[in-house]
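Remarks on the structure that follows.
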Amino acid sequence: MRTSRDLVLFDTNILVLAQNLDSPFYEKAIDLHHQVFEGKIKGVLANQNLLEFYSIVTNPKRLVKSLTSEKASFEIKNYVERSNFQIIKTKGNELELILNLVRGKNVKGGLVFDVYLVATMISNGIKTIYTQNEDDFIIFSEIKVINPFQ
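Take the sequence shown: its letter number 30 is residue 30 in UniProt numbering, and every next letter is one higher.
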């Protein structure tokens with residue numbers, strides 16, 4: 001039986017890369033999704049990831065071949081209803097965790113949303129994140145940060 005230590009949260013950038021056929025990381029992102037489907041990786045997503053995904057893939061300034069809102073919604077429903085990804089939810093203690101996590105660190109601006117994701121991970125017992133943006137998470141000793149594209 002897998003424990004929460006085996007669970008890996010996929011950062012939003014991996015979801016976006018799996019939609020971007022023009023990315024040099026597309027094939028690896030798809031392979032990671034297949035490993036979740038096959039049960040080789042116990043993939044986890046937070047609602048925050050799905051909202052960030054929607055925001056990015058429907059914005060032509062962020063993704064040249066952006067998706068329609070209908071297609072983005074369809075992809076999110078696939079993650080929620082038809083994939084092997086476990087969707088984690090907030091537990092209600094994230095604000096306190098965030099305030100503890102930012103203490104003594106130089107967290108400013110939009111990085112607070114990455115801290116929120118880390119707090120959601122911690123409150124759900126998730127210890128590992130796959131991301132292409134290691135620098136955003138490396139300051140948190142509470143989690144293990146892995147860039148699967150290196």
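Backbone N, C-alpha and C fix where the C-beta goes; we use that ideal spot for every residue, glycine too.
Values in this document were obtained by computation on a predicted structure and should not be read as measured data.
- Here the alpha carbon of I30 sits roughly 9 Å from the alpha carbon of Q19.
- Counting C-beta pairs with one atom in each stretch, the stretch 55 to 65 and the stretch 10 to 19 have three or more that are closer than 8 Å, which means they touch.
- In the displayed model, I87 falls within a strand according to three-state DSSP.
- Note on geometry: alpha-carbon atoms of D6 and I126 lie some 8 Å from one another.
- Linking D136 to L111 through their CA atoms gives a straight-line distance of about 7 Å.
- Partner residues in the beta bridge of G43, as assigned by DSSP, are V8.
- 9 Å or more divides the Cβ of I146 from the Cβ of A119.
- In the DSSP assignment, T128 falls outside any alpha helix (DSSP H) and lies within the beta strand (DSSP E) extending over T128 to Y130.
- Secondary structure at K71: helix, using DSSP grouped into helix, strand and coil.
- For K108, there is no enclosing alpha helix (DSSP H), as DSSP marks it with neither H nor E.
- The alpha-carbon of P24 is positioned some 15 Å away from that of T131.
- Annotated as proximal: L9 and I129, with beta-carbon spacing under 9 Å.
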